[in-house]
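From first to last, the protein sequence lines are chains A and B.
Here the first sequence is numbered in the UniProt record's numbering, starting from 1 and rising by one per residue.
Here the second sequence is numbered in the UniProt record's numbering, starting from 1 and rising by one per residue.
Reviewing the structure listed below.
Number of protein chains: 2
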Amino acid sequence: MATAEETGGAEAQPWAEVTPDAARRLLMAAVEAFAERGYHATTTRDIAGRAGMSPAALYIHYKTKEELLHRISRIGHEKALEILRTAARREGTATERLADAVSSFVRWHAGGRTVARVVQYELDSLGPDARAEIIALRRKVDAEVRGIIEDGVATGEFAVPDVRGTTLAVLSLCIDVARWFSLDGPRTPDEVGALYADLVLRMVGAGK
Amino acid sequence: MATAEETGGAEAQPWAEVTPDAARRLLMAAVEAFAERGYHATTTRDIAGRAGMSPAALYIHYKTKEELLHRISRIGHEKALEILRTAARREGTATERLADAVSSFVRWHAGGRTVARVVQYELDSLGPDARAEIIALRRKVDAEVRGIIEDGVATGEFAVPDVRGTTLAVLSLCIDVARWFSLDGPRTPDEVGALYADLVLRMVGAGK
DNA sequence: GGCCAGGCTAAGCGCTCGCTCACCTTCGGC
DNA sequence: GCCGAAGGTGAGCGAGCGCTTAGCCTGGCC
């Protein structure tokens, strides 16, 4: 939240806030496993094995398997929200801020594809309370993007008939990157970010 | 394939081709269950129960639980491909055909949200052979949309710097509808289809 | 050196999973 | 009226699941 991390943000060590070292290793192993096979198809034995520990060790640091998913999901959503807030609140025109928001949001989904997959697609595996908390975070994410688009409409930079629908479509486009993006594919995260920023500016009628 | 079904296509009885009546009921039950909870979290007892049968009955009509997913996935992809082909091969300008393709493809993802979810998000749960077959179908889907965009570029209707990337984005946008769309939400499938067709035309620089 | 708290493991509990098997019903053809 | 195939059931198998428990190390403090 208040960290001065400015290294570009890829996902070098994004789990520094998870404090006992073994707990962090378990959490990173869970991210990998959930992203590869999905939450329900992942066993606690698999997670512990990837972290180089016995199955029982998991339960010293986490109460249940679901708590792991919950923690991953919350940290991931907070990171996503931080990225969008940074872009939304910088100086510049609405056009510049929207392009920045989309390209950095897409870069995060492409580069941190494993985390993003878990965060975006395993929401339904959470219990009601945890899910409600995550949904609240998502509403904040939506509000950031909608804010930029509303600004652009107000200044006349954008021509958007349906602000809410367009916001939804922009976010949807970015999020789905986590589904199809592969590091083996022909594009780098930066390239996809630039392409998508251009496409989104066309969608809102900027630079017309 | 050669059926003369012209009823509008929503998804009134889309499983008519699944021949023993009990097999169709099981398949429809599986679609519901997979869409709600995901493939791995769904039990064969749950599927059989929804179809009003005992767990053992499933194995009279299907060899494994995975065969059910495979069948659903293939039929769903064939239907999606048929929708796009119909739009791509009708008469009209590239602009009209692209708008038609996007709006009908989106309508299918929104209206048949349960099927679309299974089809689009449970691909990784298939074995290698079945997955390869489905991926081949997806390439055909991609080719249809790319064809329309290439036509538009050739006639000068569209201004698209990166045809492959834009094709990917258009399909991605449509497919992700299955993730977020809800019949309880404020929009009907028709409305989302119209909104998205407009956004996509902006993305390709049509009507500029 | 004695002690104890924290981190970890081997073993395994109770349960549910996908799937099978022996048997039962229904029904058209003769 | 009898028969065999097709479609269904109840009971239960071996396996693997999430999670627990009893006990073993290790290291800091007096």
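Every residue gets a Cβ at the ideal spot worked out from N, C-alpha and C, and that includes glycine.
Predicted model, so just to flag it, every value in this text is computed and none were measured.
Terminal residues of the alpha helix (DSSP H) in which residue i lies
i: B:T93; result: It is not in any alpha helix (DSSP H) - B:T93 carries neither H nor E in the DSSP assignment.
i: B:D198; result: 189–203
i: A:E67; result: 65–89
i: B:T167; result: 163–175
i: B:V119; result: 113–121
i: A:A136; result: 128–155
Proximity of residue i and residue j at Cβ, strictly below 8 Å
i: B:V163; j: B:I149; result: yes
i: A:A23; j: A:H70; result: no
i: A:L126; j: A:E66; result: yes
i: A:G49; j: B:H40; result: no
i: A:V170; j: A:V106; result: no
i: B:D142; j: B:T166; result: no
i: B:T64; j: B:G207; result: no
i: B:E91; j: B:L137; result: no
i: A:L195; j: B:L173; result: no
i: A:T42; j: A:P55; result: no
i: B:D176; j: A:D176; result: yes
i: A:K140; j: A:L199; result: no
Neighbourhood of residue i by C-beta distance below 6 Å, restricted to the same chain and skipping five residues each side
i: B:R113; result: A178, F181
i: A:A116; result: H109, A178
i: B:D46; result: A33
i: B:G76; result: V115, V119
i: A:G189; result: Before going further, note that residue 189 of chain A is Pro rather than Gly in the sequence given. Only R107, A110, G111 meet the Cβ criterion.
i: B:F158; result: G152, V204, G205, A206
i: B:A35; result: T114, R117, V118
i: B:P128; result: none
i: B:A2; result: Any reading at B:A2 needs caution, since the residue's pLDDT is 36, under 50, leaving its predicted position unreliable; the model's value is listed next. The answer is none, since no qualifying residue turns up.
i: A:E5; result: In this predicted model, A:E5 has a pLDDT of only 40, less than 50, meaning its place in the structure is not dependable enough to derive any value.
Proximal residues to residue i (C-beta, below 7 Å), its chain only, five neighbours per side dropped
i: A:A99; result: A197, L201
i: A:M28; result: W15
i: B:A101; result: L84, A87, A88, V145, I148
i: B:R97; result: A87, A88, R90, I148
i: B:V153; result: V160, V163
i: B:E30; result: At residue 30 of chain B the sequence reads Ala, which differs from the Glu that was named. Closer than 7 Å at Cβ, skipping near neighbours: I47, L68, I72.
i: B:R187; result: none
Cβ-based neighbour list, residue i, same chain, cut-off 8 Å, excluding 5 preceding and 5 following
i: B:S73; result: V118, V119, E122, L123, L126, A130, I134
i: B:L26; result: I47, A48, A51, M53, A57, L58, H61, Y62, L68
i: A:P20; result: H61
i: B:T155; result: T93, A94
i: A:E17; result: I75
i: B:A132; result: none
Residue i: CB within 7 Å of a non-hydrogen atom of the ligand GDP
i: B:G185; result: In the structure shown, the ligand GDP is absent, as is every other ligand, since no ligand is present at all.
Which residue spans inside the segment 37–61 of chain B form an unbroken beta strand (DSSP E) run of at least 3? none
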